[in-house]
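The structure appears right after this line, and notes come after that.
Protein chains: 2
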Amino acid sequence: MWERSHNGERGKAVRNIKEIAQLSGVSKSTVSRVISGRGYTSQEARDKVLKVVQELQYKPSAVARAMVSQRTHNIGILIYRREYPVASHPFYGKILDAILATASPMNYSVFVTTEYEMSLRSADFMLEKRVDGLILISRLEQNVIEHIGKFGVPYIMVNGSTDVPGVIHIVNRDQNGGMEAARHLSGLGHRRIFVLAGPQSHRSHHLRLEGFRTYMNGQGYEFGEFDITYLESSTFEEGYRKMADHWEHFRSHPYTAIFGTNDMIALGAMKFLMEHSVAVPGQVAVMGFDDIDAASILTPSLTSVRVDTERMGRLACEMLDKLIRHEPVEETAIELEPQLVIRDSTKRRGEAL
Amino acid sequence: MWERSHNGERGKAVRNIKEIAQLSGVSKSTVSRVISGRGYTSQEARDKVLKVVQELQYKPSAVARAMVSQRTHNIGILIYRREYPVASHPFYGKILDAILATASPMNYSVFVTTEYEMSLRSADFMLEKRVDGLILISRLEQNVIEHIGKFGVPYIMVNGSTDVPGVIHIVNRDQNGGMEAARHLSGLGHRRIFVLAGPQSHRSHHLRLEGFRTYMNGQGYEFGEFDITYLESSTFEEGYRKMADHWEHFRSHPYTAIFGTNDMIALGAMKFLMEHSVAVPGQVAVMGFDDIDAASILTPSLTSVRVDTERMGRLACEMLDKLIRHEPVEETAIELEPQLVIRDSTKRRGEAL
DNA sequence: CTGAAAGCGCTTACAG
DNA sequence: CTGAAAGCGCTTACAG
Numbered sequence: 276m277w278e279r280s281h282n283g284e285r286g287k288a289v290r291n292i293k294e295i296a297q298l299s300g301v302s303k304s305t306v307s308r309v310i311s312g313r314g315y316t317s318q319e320a321r322d323k324v325l326k327v328v329q330e331l332q333y334k335p336s337a338v339a340r341a342m343v344s345q346r347t348h349n350i351g352i353l354i355y356r357r358e359y360p361v362a363s364h365p366f367y368g369k370i371l372d373a374i375l376a377t378a379s380p381m382n383y384s385v386f387v388t389t390e391y392e393m394s395l396r397s398a399d400f401m402l403e404k405r406v407d408g409l410i411l412i413s414r415l416e417q418n419v420i421e422h423i424g425k426f427g428v429p430y431i432m433v434n435g436s437t438d439v440p441g442v443i444h445i446v447n448r449d450q451n452g453g454m455e456a457a458r459h460l461s462g463l464g465h466r467r468i469f470v471l472a473g474p475q476s477h478r479s480h481h482l483r484l485e486g487f488r489t490y491m492n493g494q495g496y497e498f499g500e501f502d503i504t505y506l507e508s509s510t511f512e513e514g515y516r517k518m519a520d521h522w523e524h525f526r527s528h529p530y531t532a533i534f535g536t537n538d539m540i541a542l543g544a545m546k547f548l549m550e551h552s553v554a555v556p557g558q559v560a561v562m563g564f565d566d567i568d569a570a571s572i573l574t575p576s577l578t579s580v581r582v583d584t585e586r587m588g589r590l591a592c593e594m595l596d597k598l599i600r601h602e603p604v605e606e607t608a609i610e611l612e613p614q615l616v617i618r619d620s621t622k623r624r625g626e627a628l
Numbered sequence: 276m277w278e279r280s281h282n283g284e285r286g287k288a289v290r291n292i293k294e295i296a297q298l299s300g301v302s303k304s305t306v307s308r309v310i311s312g313r314g315y316t317s318q319e320a321r322d323k324v325l326k327v328v329q330e331l332q333y334k335p336s337a338v339a340r341a342m343v344s345q346r347t348h349n350i351g352i353l354i355y356r357r358e359y360p361v362a363s364h365p366f367y368g369k370i371l372d373a374i375l376a377t378a379s380p381m382n383y384s385v386f387v388t389t390e391y392e393m394s395l396r397s398a399d400f401m402l403e404k405r406v407d408g409l410i411l412i413s414r415l416e417q418n419v420i421e422h423i424g425k426f427g428v429p430y431i432m433v434n435g436s437t438d439v440p441g442v443i444h445i446v447n448r449d450q451n452g453g454m455e456a457a458r459h460l461s462g463l464g465h466r467r468i469f470v471l472a473g474p475q476s477h478r479s480h481h482l483r484l485e486g487f488r489t490y491m492n493g494q495g496y497e498f499g500e501f502d503i504t505y506l507e508s509s510t511f512e513e514g515y516r517k518m519a520d521h522w523e524h525f526r527s528h529p530y531t532a533i534f535g536t537n538d539m540i541a542l543g544a545m546k547f548l549m550e551h552s553v554a555v556p557g558q559v560a561v562m563g564f565d566d567i568d569a570a571s572i573l574t575p576s577l578t579s580v581r582v583d584t585e586r587m588g589r590l591a592c593e594m595l596d597k598l599i600r601h602e603p604v605e606e607t608a609i610e611l612e613p614q615l616v617i618r619d620s621t622k623r624r625g626e627a628l
């Protein structure tokens, strides 16, 4: 049986401090001091202990350490989504990467979990695991936050907000981004814009649309009109589908541009247009939001509004670390400025169909 | 100071079994039995304890449990890559998602870490954390494996292989996939194919090319010729760059198809072609390998060879769980069959430039 | 500078 | 069916 030969010697490999103490001829206390570097130890003791540690490849148990220090040096990331993908999600995956990249040098290990709507399962799991802190990604229901809040575990929300006051959160200034999008399109001369808006229960989609609307309305009628179509999800497929549903309407009106409240939506719509021989940006300009990787890979590349996911993840870690170490944190709401990224999909001025 | 009001009551929230015992008027042992459901307990005891547990929202410490059971119910994922992205990597991210989706219902929490070439830092970290098992993703150096092997912690390799014998690994049958690609292209009538091959030190790129070559050579000269260009990395940028470098050569030869040993490479090349007004697939057919999400989103959508990342991740979890529980595992090398996915980029027969 | 002892929060035989 | 005790692998005052 393969299993035997592979793991037959398991258990042998795991040493403990007592063994190290015996082998190096000192007490457990001394071994502990040598390894942690805390407290006084003689050069002689250090030499003996380190030699044994080296030889036996002894790795002190972080579990036991966590037990006494009441610190696990683990943090948990909770991503709220109804379904996978999570890690490979074009947007959340980026935030995740930024968190992983920042947490590691800070000596935190990170648990990645997803939570389905309304469920507290993963959250409770993390609580039982005694993580030092939690990073909550995306929208979440109030009850989840209140639940977590009860346990006194520090936590930070990323890319989501809540009505619960005082919760530290890091978000993109989506409203500004929406305004940027409107300014860009109308600046290019587009006067009739077709807007595909993701679920308005979602903070970001709501605010992006808000910003877009605000800018357009502020410009007055002569600067442009726009029609909004609401989508039930923010996926590529839904963007494609809704574009298909409104195809007759679309072609019978003088639209020259499309704005999707995220890139996936915009790409879905663009796919449909290209399949129906509508030139992008020749006949219709298309722009999205998020600036996911696919945006620059595509032909034509997609104009978008970049969200600084790298900074979101980094700040989340840094602030969480402060909370964990009981350092003061000045701000409770961090808002990052998005950035317009102009690419081919809006390059030339659109012409009516 | 915000920090105070937020975390001032920390510590209060974390109860322990002793408190629960006192409040419910039974011993710690009884509380333990009630909560774990192991051993005999009277209905009366159960009622009292559960009531207190409920009221105080008591969550038993997984750390303490791990201490006594010598099982953390945590597994670690080590992704070997020189740089980010990791989670958001179009291919590894999928494997990661599949692992997360499978691990959670099995009651494992998962640590996600990356390891840079040659370093043992993350691996040692996971070892100290006393994970129950490890999943190693991508190629890794022999020394890392030997190092991990010393500790008797069960582990499984995914999408990579090693010379170390007996290591359980789950891989795609890349050679077969390469043959499929060759068969598909030559079956469409392509007689002159330009191959962009990723780093040959990488198992998958090597085998994909091997398979492609094997099929083509087996067909004899009259069935087609191909030229191979080796890339230094397997990225979109490198695919684009190498296509640009060989542009003069390419256009002066009657190539009608391009095969990239992964999708990113193929997409990079395709981007260049489209920027230079080469119609895909009208003039040149393009195909890749992996079937990442972008492949189906693009216009034209990309023909590819699908790797069953979902199954890879799932099997990795299931087998690791068996190893952890000392159950026998039959196979030491799992090879998954890839699947040709035909899309628009090879739809019609290519014409020479 | 070093070691014995207590304790972190649980579980698990063992008596009763 | 229940409780006292020992122990998981460490760290941390406290004596010496």
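Top to bottom, those sequences are chains B and X. Residues in the first sequence are numbered from 276 upward in steps of one, following my numbering. Residues in the second sequence are numbered from 276 upward in steps of one, following my numbering. No residue lacks a Cβ here, since even glycine has one placed at the ideal position from N, Cα and C. A quick note: this is a predicted structure, and the numbers were derived from the prediction, not measured.
Quiz item: In the stretch 404-436 of chain B, which residues sit with their C-beta less than 7 Å from some C-beta in chain X, listed in chain order?
Solution: Residues of the stretch 404-436 of chain B whose Cβ lies closer than 7 Å to any Cβ of chain X, in chain order: K404, R405, K425, F426, G427, P429.
Practice problem: Assess, as a yes-or-no matter, whether the stretch 600-616 of chain X is touched by the stretch 571-583 of chain X under the definition of 3 or more beta carbon pairs within less than 8 Å. | Solution: Result yes; three or more Cβ-Cβ pairs closer than 8 Å.
Quiz item: Hey, is Y391(X)'s beta-carbon within less than 8 Å of any beta-carbon in chain B?
Solution: No, its Cβ sits nowhere closer than 8 Å to a Cβ of chain B.
Exercise. Could you please tell me which residues of the stretch 562-579 of chain X, in chain order, have their CB closer than 8 Å to any CB of chain B?
Key: Hits within the stretch, in order: D568, A569, I572, L573, T574.
Quiz prompt | Residue environment, E284(B), which counts as buried when at least 16 other CB atoms sit within 10 Å | solution = Confidence is the limiting factor: at E284(B) the pLDDT is only 41, short of 50, which leaves the residue's position unreliable and the question unanswerable from this model.
Quiz item: What does D372(X) reach in chain B if we use C-beta pairs closer than 7 Å?
Solution: Residues of chain B passing the Cβ test: Y359, P360, V361, A362, S363.
Quiz item: If you measure from the beta carbon of L590(X) to each beta carbon in chain B, is any gap under 8 Å?
Solution: Taking Cβ atoms only, chain B never reaches closer than 8 Å to L590(X), which makes this a no.
Quiz prompt | Residue-level contact to chain B via CB, S336(X), 8 Å cutoff | solution = Yes - at least one Cβ of chain B is within 8 Å of the one on S336(X).
Exercise. Note the first and the last residue of the continuous beta strand (DSSP E) segment covering V446(B).
Key: Counting along the chain, the beta strand (DSSP E) containing V446(B) begins and ends at 444-447.
Quiz item: With a cut-off of 8 Å, do at least 3 Cβ pairs link the stretch 358-367 of chain X to the stretch 303-318 of chain X?
Solution: Contact fails: fewer than three Cβ-Cβ distances are below 8 Å.
Exercise. Could you work out which residue in V604(B), I617(B), T574(B), T621(B) is closest to V442(B) when comparing CA atoms only?
Key: From the listed residues V604(B), I617(B), T574(B), T621(B), the smallest Cα separation to V442(B) is found for V604(B).
Quiz item: Nearest to T621(B) by CA position, among Q494(B), L463(B), R526(B), is which residue?
Solution: Cα-wise, what sits closest to T621(B) is L463(B).
Quiz prompt | Amino acids of chain B, ordered along the chain, whose beta-carbon sits closer than 7 Å to that of A239(X) | solution = In this structure chain X extends from 276 to 628, so residue 239(X) is not present and cannot be described.
Quiz item: For D438(B) and chain X, any beta-carbon pair shorter than 8 Å?
Solution: Judged by the 8 Å Cβ criterion, D438(B) is not in contact with chain X.
Quiz item: Roughly how many angstroms separate the alpha carbons of D538(X) and D372(X), rounded to a whole number?
Solution: So the two alpha carbons sit approximately 19 Å from each other.
Quiz prompt | Range covered by the beta strand (DSSP E) that runs through V470(X) | solution = Counting along the chain, the beta strand (DSSP E) containing V470(X) begins and ends at 467-472.
Quiz item: If contact means a Cβ-Cβ distance below 8 Å, which residues of the stretch 526-538 of chain B contact chain X?
Solution: Going along the stretch 526-538 of chain B in chain order, one finds no residue with a Cβ nearer than 8 Å to chain X.
Quiz item: Can you tell me whether M562(B) is buried or exposed, with buried defined as 16 or more other CB within 10 angstroms of its CB?
Solution: Classification for M562(B): buried.
Quiz item: Counting only beta-carbon atoms, is M518(X) nearer than 8 Å to chain B?
Solution: Not one chain B Cβ lies under 8 Å of M518(X).
Quiz prompt | Selection from F511(B), G499(B), V406(B) that minimises the alpha carbon distance to N349(X) | solution = Ranked by Cα distance from N349(X), the options F511(B), G499(B), V406(B) are led by V406(B).
Quiz item: Would a check of beta-carbon distances place E612(X) closer than 8 Å to chain B?
Solution: No, because no Cβ of chain B sits closer than 8 Å to the Cβ of E612(X).
Quiz item: Quick one: which chain B residues come within Cβ less than 8 Å of A554(X)?
Solution: For A554(X), there are no C-beta contacts with chain B under 8 Å, since the nearest C-beta of that chain is about 12 Å from it.
Quiz item: Residues bridged to I609(X) by DSSP?
Solution: For I609(X), which the question treats as bridged, DSSP gives the partners I445(X).
Quiz prompt | Backbone secondary structure at V604(B) - three-state DSSP | solution = Here V604(B) sits in coil by DSSP.
Quiz item: D399(B) touches chain X at which residues, Cβ-Cβ below 8 Å?
Solution: Near D399(B) (Cβ distances below 8 Å), the residues of chain X are K334.
Practice problem: List in chain order: all unbroken beta strand (DSSP E) runs of 3+ residues lying wholly within the stretch 302-327 of chain B. | Solution: Whole beta strand (DSSP E) segments, 3+ residues: zero.
Quiz prompt | Where G486(X) sits in the DSSP three-state scheme | solution = Helix at G486(X).
Self-check item: Amino acids of chain X, ordered along the chain, whose beta-carbon sits closer than 8 Å to that of G453(B)
Solution: Below the 8 Å Cβ cutoff, chain X contributes no neighbours of G453(B), its closest Cβ being approximately 24 Å away.
Self-check item: Min CB distance L471(X) to chain B below 8 Å
Solution: No, L471(X) does not count as interfacial toward chain B.
Quiz item: What is the DSSP secondary structure of A560(B), counted as helix, strand or coil?
Solution: When DSSP states are grouped into helix, strand and coil, A560(B) belongs to the strand group.
Exercise. Establish whether the CB of E294(B) and some CB of chain X are separated by less than 8 Å.
Key: So, not an interface residue.
Quiz item: Should K404(X) be labelled buried (16 or more other beta-carbon atoms within 10 Å of its own) or exposed?
Solution: Answer is buried; the Cβ neighbour count reaches 16.
Exercise. With a threshold of 16 other CB atoms inside 10 Å of the CB of I617(X), please say whether the residue is buried or exposed.
Key: Classification of I617(X): exposed, given that the 10 Å Cβ count is below 16.
Quiz prompt | Limits of the unbroken beta strand (DSSP E) element including G535(B) | solution = For G535(B), the enclosing beta strand (DSSP E) covers residues 532-535.
Quiz prompt | Any chain B beta carbon closer than 8 Å to K546(X) | solution = By this cut-off, K546(X) is an interface position.
Quiz prompt | Three-pair Cβ contact test at 8 Å for the stretch 485-504 of chain X versus the stretch 444-458 of chain X | solution = Counting Cβ pairs under 8 Å, three or more are found: they touch.
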